[in-house]
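Participant:
There are 2 protein chains.
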Amino acid sequence: MKKRALKDLLYEQVARIGRGVSSPKRLEMLELLAQGEKTVENLADGLSIDVKLASAHLKALREARLVESTRDGKFMVYRLSGADVAHLWVRLHEVAQAHLVELRLALDEMSAPSTELVELERDALLKQARRGEVIVIDVRPRAEYDAAHLPYARSMPLAELERHLKEMPRNKQIVAYCRGPFCLFADEAVHLLKAKGYRVRKLLDGVSEWQAAGMPLVT
Amino acid sequence: MKKRALKDLLYEQVARIGRGVSSPKRLEMLELLAQGEKTVENLADGLSIDVKLASAHLKALREARLVESTRDGKFMVYRLSGADVAHLWVRLHEVAQAHLVELRLALDEMSAPSTELVELERDALLKQARRGEVIVIDVRPRAEYDAAHLPYARSMPLAELERHLKEMPRNKQIVAYCRGPFCLFADEAVHLLKAKGYRVRKLLDGVSEWQAAGMPLVT
DNA sequence: CTAATACTCTAACGAATATTAGAATAACGC
DNA sequence: GCGTTATTCTAATATTCGTTAGAGTATTAG
Chain L
24 MKKRALKDLL
34 YEQVARIGRG
44 VSSPKRLEML
54 ELLAQGEKTV
64 ENLADGLSID
74 VKLASAHLKA
84 LREARLVEST
94 RDGKFMVYRL
104 SGADVAHLWV
114 RLHEVAQAHL
124 VELRLALDEM
134 SAPSTELVEL
144 ERDALLKQAR
154 RGEVIVIDVR
164 PRAEYDAAHL
174 PYARSMPLAE
184 LERHLKEMPR
194 NKQIVAYCRG
204 PFCLFADEAV
214 HLLKAKGYRV
224 RKLLDGVSEW
234 QAAGMPLVT
Chain B
24 MKKRALKDLL
34 YEQVARIGRG
44 VSSPKRLEML
54 ELLAQGEKTV
64 ENLADGLSID
74 VKLASAHLKA
84 LREARLVEST
94 RDGKFMVYRL
104 SGADVAHLWV
114 RLHEVAQAHL
124 VELRLALDEM
134 SAPSTELVEL
144 ERDALLKQAR
154 RGEVIVIDVR
164 PRAEYDAAHL
174 PYARSMPLAE
184 LERHLKEMPR
194 NKQIVAYCRG
204 PFCLFADEAV
214 HLLKAKGYRV
224 RKLLDGVSEW
234 QAAGMPLVT
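Residue numbers (this note's numbering), protein chains in the order written: chain L, 24 to 242; chain B, 24 to 242.
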């Protein structure tokens, strides 16, 4: 039966994508790359792994065509091969959160120290941000803000937050976001600002989650 | 650093989902289960594999919480653990089609015998179907039609198509769909009907693709 | 109760994967 | 050219995965 061989071929190709996203390290890389392009060293540092190992995982991602690379002088710069790859990552962690109790428990524990992090309605938030009723701060490194960020968001990298505290209005609601629900930057920002008496909440979305929900980004 | 351990835990959980979808057999099972619940034997037959092997893959899918099972008499009935799992499958094969040339080539070759299979605009198709300007036929087994089907679609399983030819109007455009872009039923229906002189096209969507695009289903 | 059916579990083996270390390559600065 | 830096490739390891066969479990039919 020739049909079987053809079918096997088709599903085998999709499984290449599946194998690409079947390792925790590679998923973490995809999430980082969803924030903007990175060098091999950037990625290795971000994941706290050896450059050689990062390179091996990047090879696997390249073979699944989930990432592309170009050379920039001495550096190899990697990026996602499309916005659809970021959306695949979003869908994966959504499915994981929906069905894996262990993940929900770990996420609850993670966010416990910074109390009352409410996920906001996206449309309402956008409207309030446009009117200036809430201050949206992007606490990722500035390069990631430059690659893409939420409308009306201000870049306020975690490292600089303490130095720029005086620029933050005390009378307004502040909303902090970072790379997504698995990133701790926004939690730390919330913790810090709350201690200083600001009214602040965390947005669980990163730029990919925001965009996958059909919301606009500024690039 | 405690953060590392926590992060590892989080991505490891998402990787459980990734591992679930990293095998061609399991992907084919998910696509079949997206058509409605099935017994182990159903699935093994559908994939042309041993029941034991099917059971082993189902165990992997259960551990990733992508499927659930209940006992019905002698039979174990498996189903997807949510519509989000079907949508994950859709996103996976969309990403694969977008980035893997090998897959696009294989799909082209597959559809070659039945000429001119145009993907239709979904909204336009729905409108035309409602007005009765096109006849939408669902050529999957009737049980799958019963589980969920496109609005205004008629069940016309491939096996019965030849017997019910006279019920098909010759003057109207016919649109056939099946389990999705990797399924051959609609191709065969198109081939058969074209040979009999009908005007017929294939819709590449299955119910999951249709629903993932935000279109309504009848259940 | 026994026999048959439908499925799962265990054991086993080869294939594929993750990780590490060491050699090789490619571009830069001198 | 030479040394340095950034990255990949090769080789070797331990581990996991896919597949098959055989034993075991749950349910139904008689």
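Even for Gly, the Cβ is constructed at its ideal location relative to N, Cα and C.
I want to see whether chain B comes within less than 8 Å of residue 39/L, judged by CB atoms only; does it?
Facilitator: Indexing the first sequence from 1 puts residue 39/L at position 16. So, interface residue.
Participant: For chain B, check one thing: does any of its Cβ atoms lie closer than 8 Å to the Cβ of residue 92/L?
Facilitator: Counted from its first residue, the first sequence places residue 92/L at position 69. Closer than 8 Å: no.
Participant: Would you verify that the beta carbon of residue 36/B is, or is not, closer than 8 Å to some beta carbon of chain L?
Facilitator: As a first step, residue 36/B is located in the second sequence; it is residue number 13 there, counting from the start. So yes, residue 36/B belongs to the interface.
Participant: Kindly give me the distance between the Cβ atoms of residue 90/L and residue 56/L, rounded to whole angstroms, as I take these residues to be in contact under 8 Å.
Facilitator: Stepping through the first sequence from its first residue, residue 90/L is reached at position 67. Stepping through the first sequence from its first residue, residue 56/L is reached at position 33. Their Cβ separation, rounded to whole angstroms, is 6 Å, which keeps residue 90/L and residue 56/L in contact under 8 Å.
Participant: Can you pull the chain L neighbours of residue 44/B, defined as C-beta to C-beta under 7 Å?
Facilitator: Here residue 44/B refers to the residue found at position 21 of the second sequence. Here the neighbours are 41.
Participant: What residues in the region 98 to 116 of chain B have a beta carbon less than 8 Å from any beta carbon of chain L?
Facilitator: For the region 98 to 116 of chain B, which is checked against every Cβ of chain L, the residues closer than 8 Å are 104, 105, 107, 108, 110, 111, 114, 115, 116.
Participant: For a contact meaning CB atoms closer than 7 Å, what does residue 32/L contact in chain B?
Facilitator: Here residue 32/L refers to the residue found at position 9 of the first sequence. Those are 129, listed as they occur along chain B.
Participant: Which of the three DSSP states, helix, strand or coil, is assigned to residue 27/B?
Facilitator: Stepping through the second sequence from its first residue, residue 27/B is reached at position 4. Correct three-state label for residue 27/B: helix.
Participant: Tell me, please, whether the CB atom of residue 148/B is closer than 8 Å to any CB atom in chain L?
Facilitator: For this step, residue 148/B is matched to residue 125 along the second sequence. Not closer than 8 Å to any Cβ of chain L, the Cβ of residue 148/B fails to qualify, so no.
Participant: Taking the alpha-carbon positions, what's the residue 149/L to residue 161/L distance?
Facilitator: Position 126 of the first sequence, counted from the start, is the residue given in the question as residue 149/L. Position 138 of the first sequence, counted from the start, is the residue given in the question as residue 161/L. Approximately 14 Å between the Cα atoms of the pair.
Participant: From residue 218/L to residue 186/L, what does the alpha carbon distance come to, in whole angstroms?
Facilitator: The residue given as residue 218/L occupies position 195 in the first sequence. The residue given as residue 186/L occupies position 163 in the first sequence. So the alpha carbons of these two residues sit roughly 15 Å apart.
Participant: Please report the Cβ distance between residue 51/L and residue 32/L, rounded to the nearest whole angstrom; I am assuming they are in contact, meaning their Cβ atoms lie under 8 Å.
Facilitator: By 1-based counting over the first sequence, the position of residue 51/L is 28. By 1-based counting over the first sequence, the position of residue 32/L is 9. The pair is not a contact, with the Cβ atoms about 31 Å apart (cut-off 8 Å).
Participant: According to the neighbour-count rule (16 or more other Cβ atoms, all chains shown, within 10 Å of its Cβ), is residue 194/B buried or exposed?
Facilitator: As a position in the second sequence, residue 194/B is number 171, starting the count at 1. By the neighbour-count rule (16 or more Cβ atoms within 10 Å), residue 194/B is not buried but exposed.
Participant: Indicate whether the contact test is met: 3 or more Cβ pairs, each with one atom in the region 228 to 237 of chain B and one in the region 171 to 179 of chain B, closer than 8 Å.
Facilitator: The region 228 to 237 of chain B vs the region 171 to 179 of chain B: in contact.
Participant: Figure out for me which residue from 83/B, 27/B, 78/B has the closest Cα to the Cα of residue 45/L.
Facilitator: Reading the first sequence from its first residue, position 22 is the one you call residue 45/L. Measuring from the Cα of residue 45/L, the nearest candidate turns out to be 83/B.
Participant: Using a beta-carbon distance below 8 Å, is residue 144/B in contact with chain L?
Facilitator: Start at 1 with the first residue of the second sequence, and residue 144/B comes out as number 121. No, because no Cβ of chain L sits closer than 8 Å to the Cβ of residue 144/B.
Participant: Would residue 61/L pass as an interface residue toward chain B - the criterion being a Cβ-Cβ separation below 8 Å?
Facilitator: On the first sequence, position 38 is the one that residue 61/L refers to. Cβ-Cβ to chain B under 8 Å: no for residue 61/L.
Participant: Please state the DSSP three-state secondary structure of residue 224/B.
Facilitator: Taking the first residue of the second sequence as position 1, residue 224/B is located at position 201. Strand at residue 224/B.
Participant: Could you spell out the range, first to last residue, of the beta strand (DSSP E) harbouring residue 90/B?
Facilitator: For the purposes of this step, residue 90/B is taken as residue 67 along the second sequence, with counting starting at 1. 90 to 95 is the extent of the beta strand (DSSP E) around residue 90/B.
Participant: Mind listing which residues of the region 45 to 58 of chain L have their C-beta closer than 7 Å to chain B's C-betas, in chain order?
Facilitator: Hits within the stretch, in order: 45, 46, 47, 50, 51.
Participant: Apart from the five residues on each side of it in sequence, which residues of its chain come closer than 7 Å, Cβ to Cβ, to residue 166/B?
Facilitator: For the purposes of this step, residue 166/B is taken as residue 143 along the second sequence, with counting starting at 1. So the list reads 59, once near-sequence residues are dropped.
Participant: So if I threshold CB-CB distances at 8 Å, which residues from the region 205 to 228 of chain L count as touching chain B?
Facilitator: Within the region 205 to 228 of chain L, the residues whose Cβ lies closer than 8 Å to some Cβ of chain B are 205, 207, listed in chain order.
Participant: Give the secondary structure of residue 208/L by DSSP, where H, G and I count as helix, E and B as strand, and everything else as coil.
Facilitator: Counted from its first residue, the first sequence places residue 208/L at position 185. Three-state result, residue 208/L: helix.
Participant: Looking at the structure shown, is residue 80/B part of a helix, part of a strand, or coil, going by DSSP?
Facilitator: Here residue 80/B corresponds to residue number 57 of the second sequence, with the count starting at 1. Three-state DSSP puts residue 80/B in a helix.
Participant: What residues from chain B crowd round residue 71/L, counting only those whose CB sits closer than 7 Å?
Facilitator: Position 48 of the first sequence, counted from the start, is the residue given in the question as residue 71/L. Within chain B, the residues near residue 71/L are 27.
Participant: Does the region 66 to 81 of chain L come into contact with the region 114 to 129 of chain L, if we say contact requires no fewer than three beta-carbon pairs (one atom in each stretch) closer than 8 Å?
Facilitator: Contact between the region 66 to 81 of chain L and the region 114 to 129 of chain L is absent, because fewer than three Cβ pairs lie under 8 Å.
Participant: Output the residue ranges of the alpha helix (DSSP H) runs that lie fully inside the region 139 to 186 of chain B and measure 4 residues or longer, sorted by chain position.
Facilitator: The region 139 to 186 of chain B contains these whole alpha helix (DSSP H) runs: 145 to 154, 165 to 170, 181 to 184.
Participant: Are there 16 or more other CB atoms within 10 angstroms of the CB of residue 204/L, so buried, or fewer, so exposed?
Facilitator: Along the first sequence, one-based indexing puts residue 204/L at 181. So residue 204/L ends up on the buried side.
Participant: Given a threshold of 16 other Cβ atoms within 10 Å of its Cβ, counted over all protein chains shown, does residue 39/L qualify as buried or as exposed?
Facilitator: The residue labelled residue 39/L in the question sits at position 16 within the first sequence. Looking at its Cβ environment, which holds 16 or more other Cβ atoms inside 10 Å, residue 39/L is buried.
Participant: Between which residues of its own chain and residue 8/B is the CB-CB distance below 7 Å, once the five residues before and five after are set aside?
Facilitator: The first residue shown for chain B is 24 and the last is 242, placing residue 8/B beyond what the model contains.
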